[in-house]
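Structure first, commentary second.
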Amino acid sequence: MFIKNALNIKNSILRYALGIFVIFIFTQIGAIPFIVAIFNKVGVEGAAKLDPSNMMTILENSNLTFFYTLLSFFVGFIGFLFVIKFLHNQSFLSVTTSRKSIDYKRILTSFSAISTFIILSTTISFFTSPEEYILQFNLNDFLILVLIAIIFIPIQTSLEEYVFRGYLMQGLGVLFNNKFLPLILTSLSFGFLHFYNPEIMKLGSVLLVHYVATGLFLGIITLMDEGIELALGFHAGNNLLIALIVTADWTVFQTTSIFKYIGEPDLINQSFFTMIVVYPILLLYFSRKYKWGSWKNKLTGKVN
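Residue numbers for the sequence shown follow our numbering, so the first one is 521 and each next one is one higher.
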């Protein structure tokens, strides 16, 4: 059992609290170059007047901003590795999966599934409302974007999955000796982590429901599959494809993607479609492919 992996490590609640603090500090250290770049651009007084909505465009070079944004996750991931090794004496494998080795085929399967959906939905949207898209493809800028995205986005998404679906799911599971509370708490935490995303500021806090639901979906596939491989592939595929294919002035990733969306955002309807249609279809697909069973016990049962 995946959560049971944490029974064999140093698993006191104080260690987990300290671990989260250490990871947070590392991510803040990783954000220092971005802060310095902003200070150099607009000065201390100008930086003090910035808010999250215009901070992502202040440097003008979107690839540079994209790199700085992801750099904090890279440093944060180093902090995560430090925490599990030296604070918990835990192996990287045991916080990833209950299997004897990491199943990279599962990662690829999930990556391919969500990537296919994003490509299809974007294609349909483009052909039904072409006036809402601008082709902004520039080969040099796009190649730089691809390089940054391929290297750093999997690190960014992996850090979030390891912290929420791995580290905290296991720690809270040991603390409460059940699986349901960790599932709910990590989903809520994951959702509210995105509170300051530009999408939330544009469309309102109702969009938090989408992020919480996404956290719940990722938590369910983690518990049912006894590992975070499917969650890793899904999250990486989602963020990578979005960063490369289409951007908008109100999205968290301001990139030199192929297209720029200039229409009015309809993320609320899109989000509900994703929650009501896409996630259930993926759950059904994964459950049949990997022959999941004992849903009640795996999602709500005792850990030990």
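Note that CB positions come from ideal geometry on N, CA and C, so glycine has one too.
Owing to the predicted nature of the structure, the values given are computational and were not obtained by experimental measurement.
- The secondary-structure analysis by DSSP pairs residue 653 across a beta bridge with 781.
- The straight-line gap separating the alpha-carbon atoms of residue 617 and residue 719 is approximately 32 Å.
- Under the 8 Å Cβ criterion, the segment 664-681 does not count as touching the segment 794-813, having fewer than three qualifying pairs.
- Distance from the CA of residue 661 to the CA of residue 594, rounded to the nearest whole angstrom, comes to 22 Å.
- Per the C-alpha coordinates, the member of 612, 630, 650 and 626 positioned closest to residue 683 is 612.
- Taking residue 545 as the centre and dropping the five residues before and after it, the same chain places the C-beta of 599 closer than 8 Å to its C-beta, in chain order.
- Close CB contacts of residue 652 within its chain, under the 7 Å cut and outside five residues either way in sequence, are with 781, 782 and 783 (chain order).
- CA-to-CA, the gap between residue 678 and residue 648 works out to about 34 Å.
- Straight-line measurement puts the Cα of residue 634 at about 15 Å from the Cα of residue 735.
- Residue 790 and residue 800 have their C-alpha atoms roughly 15 Å apart.
- In the DSSP secondary-structure assignment, residue 625 is not bridged to any residue.
- Counting only the Cα atoms, residue 747 lies some 11 Å from residue 627.
- A direct Cα-to-Cα measurement between residue 674 and residue 745 gives close to 20 Å.
- The closest CA to that of residue 731, considering only 709, 602 and 584, is found on 709.
- The three-state secondary structure of residue 531, taken from DSSP, is coil.
- For residue 681, the enclosing alpha helix (DSSP H) starts and ends at 659-681.
- Cβ contact annotation for residue 754 (same chain, cutoff 6 Å, sequence separation greater than five): 630 and 634, in chain order.
- Residue pairing of residue 747 in beta bridges, as defined by DSSP: 617.
- Here residue 822 is bridged, per DSSP, to 698.
- Taking the Cα positions, residue 591 is about 26 Å away from residue 727.
- Non-local beta-carbon contacts of residue 537 in its own chain, meaning distances under 7 Å to residues more than five positions away in sequence, are absent.
- Within the same chain, Cβ atoms closer than 7 Å to the Cβ of residue 810 are found at 745, the five residues on either side in sequence being excluded.
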